[in-house]
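Data block below; observations after.
Numbering (the UniProt record's numbering), first residue to last: 1 to 319.
Here it is, written out as structure tokens:
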């Protein structure tokens, strides 16, 4: 098949411009977000579509409804490592290949996880606001933060990102504990049989596990209570893994010391109850957002799409 005869539906404008430019230069591309009426547009062009270009971001993804509106869909290429917002079951039932972008973003996600841990412990963002507001002059010395050296960094989900985070935390003289569904005899860290046990031991509970139905609200009131009044929660995974209301209650009651969050349950909405707290650090889902990583992700998505269109095996297949 000539590449221009290969039809790609682009789900939304949140994808990197580099990726959009490459896809539109090589294939025949359709922009779903520009349609005045999604349903009417999909009814018109749906049967022509060979590939869907999307991301694992909760506002993007690929629902069963969208997949069903593309009767000749052959491949879904996602810009991101997480694919919980893509209906894998529906795609698999149709024999539709799904690809993601593992590996290329691990380092930058782990970097941000460590940055958030340092920020909430040493109160970096809070002290920045303090100084900018003139309180250094009017109120004097900023209150002390929390040392991280010698503390327990508890990692939930010791996959590739978790391992990269562990290496960074070790460089700060932290003691690494983890909870993982499967044993990891290949690592020198302390494994806990239960998440609650890890939370009880952790000073900093860092979430690097996948999203999806099986991990929804895994961090609930019981786990937050186990983390305790000196414990901090850091989330660089998915907003869905944390019961956000339970987290708000734990923060407001002093049940935990603070939180640093890059992801949220209903992105891009961030609850006011979290926004107003000085012991909460908030970033807008930027863990993989460096120029280098975004470029590498965009190129990997395009390479998967190009390989499939040319009849070659894709590089990073999920199903």
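Built from N, CA and C at the ideal position, the CB exists for glycine as well.
Check	Outcome
How is residue 256 classed by DSSP in three states: helix, strand or coil?	coil
Output yes or no for whether 7 Å exceeds the beta carbon distance between residue 279 and residue 311.	no
To which residues does DSSP link residue 175 through a beta bridge?	152
Compute the Euclidean distance between the alpha carbons of residue 346 and residue 43, then round it to the nearest angstrom.	This structure cannot settle anything about residue 346, because the visible part of the chain is limited to 1 through 319.
If I measure Cβ to Cβ from residue 179 and keep anything under 6 Å in the same chain, skipping five residues before and after, which residues do I get?	156, 192, 195, 198
Specify whether the stretch 21–37 and the stretch 85–97 touch according to this definition: at least 3 beta carbon pairs, one from each stretch, less than 8 Å apart.	no
Check whether the Cβ atoms of residue 238 and residue 211 sit closer than 7 Å, and answer yes or no.	yes
For the putative contact between residue 109 and residue 161, defined by C-beta atoms under 8 Å, what is the C-beta separation to the nearest angstrom?	5 Å
Give every residue of the same chain whose Cβ lies closer than 6 Å to the Cβ of residue 201, excluding the five residues on either side of it in the sequence, and list them in chain order.	152, 177
Which residue's Cα is closest to the Cα of residue 113: 297, 305, 260, 265?	260
Can you list, in chain order, the stretches of the beta strand (DSSP E) that have 3 or more residues and sit fully within the stretch 88–163?	97–99, 152–156
CB residue 232 to CB residue 120, shorter than 7 Å?	yes
Please name the residue in 16, 47, 53, 13 whose C-alpha comes closest to that of residue 308.	53
Do residue 79 and residue 15 come within 7 Å of each other at the CB atom, strictly closer than that value?	yes
Got a sec? Which residues, its chain only, sit under 7 Å from residue 302 by beta carbon, not counting five neighbours each side?	19, 22, 23
Note down the Cα distance separating residue 281 from residue 3, rounded to an integer number of angstroms.	46 Å
Opposite residue 305 in the DSSP bridges: which residues?	DSSP, once it has assigned bridges, lists no residue as partnering residue 305.
Is it buried or exposed for residue 230, if we count other Cβ within 10 angstroms and need 16 for buried?	exposed
On the three-state DSSP scale, how would you describe residue 321?	Since the first residue of the chain shown is 1 and the last is 319, residue 321 is not available in this structure.
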